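What follows is a set of notes on a single structure, which appears directly below.
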Amino acid sequence: MPDTLQESSSGFTGAASRLITLWALLGGITLLLVVGINMLSIIGSIFGKPFPGDFELTEVGVAIAVFAFLPYCQLVGANVSADIFTASASKRTIAFFTLLGSLVALGFALLLIWRMYFGMIDQKKYEYTTTILQIPHWMAFVPILTSLGLLALAAFVTLKRDMNALSKG
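The sequence shown runs 121 to 289 under my numbering.
Next comes the structure, spelled out in C-alpha cells:
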C-alpha cells in the first residue's frame, strides 16, 4: 500500500480521505441491511411469510455497496494487482506502474460517470421499475454515481500522491 491515510490527514487530501472512508462505511451498513433483509426473508419463509421483494432489494443493495467500496480501495491501494510481474522491479518502476494505475482509474471513473449518467436518464425517462416493489431503477444510480465521483476523487488523490512518490525517486 502506498502512503497510509494517516500520513495525509490534513487539507484537501485529508478531507477527501475522510469522506471516502465514511462513504465506504455507509456501503458496509448497506450490505448489513441486505443481510438483515435476507435473514428476515428466510425466517419469514419458515413461517409462510417471506419478505416480498427481497431479491430486488438484495440486487440494488449489493450493487450500491460494491460501488461504495471502490473509492476506498483506490485510496488505500487495495485494488487487484499483479505483483508477480513487478517482484524484481525497482521502486521507481513500481512507482511508475502505480501512477499509471491511478491514471487508468481516473479515466475509468470519468468514463463510467459519463455513461451511467445517461443510463440513469434513460431509466428515468422510460420509467423502469423493479417487478415486485415497483422501485424506480434510476434511484439506484444516484448513490452509484456518487460512488463513481468519489472514485474519481480518490484516483486524483492517489495520482497526486504517486506523482510525488515518483518525483522523489
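Think of the CB as a built atom: it goes at the ideal place given N, C-alpha and C, for glycine as much as any other residue. In this text the structure is predicted, and so the values were computed from the model without any measurement.
{"Query": "Nearest-angstrom beta carbon gap, residue 282 and residue 219 [assumed within contact, 8 Å]", "Result": "4 Å"}
{"Query": "At least three beta-carbon pairs within less than 8 Å, the region 201 to 210 to the region 270 to 288", "Result": "no"}
{"Query": "With 16 other Cβ atoms within 10 Å as the buried cut-off, status of residue 254", "Result": "exposed"}
{"Query": "Burial state of residue 165, where buried means 16 or more other Cβ atoms lie within 10 Å", "Result": "exposed"}
{"Query": "Alpha-carbon to alpha-carbon, residue 185 and residue 148", "Result": "6 Å"}
{"Query": "Cβ separation of residue 267 and residue 191, assumed to be a contact under 8 Å, to the nearest whole Å", "Result": "6 Å"}
{"Query": "Span separating the alpha-carbon of residue 214 from that of residue 189", "Result": "24 Å"}
{"Query": "Alpha helix (DSSP H) segment containing residue 288, residue limits", "Result": "258 to 288"}
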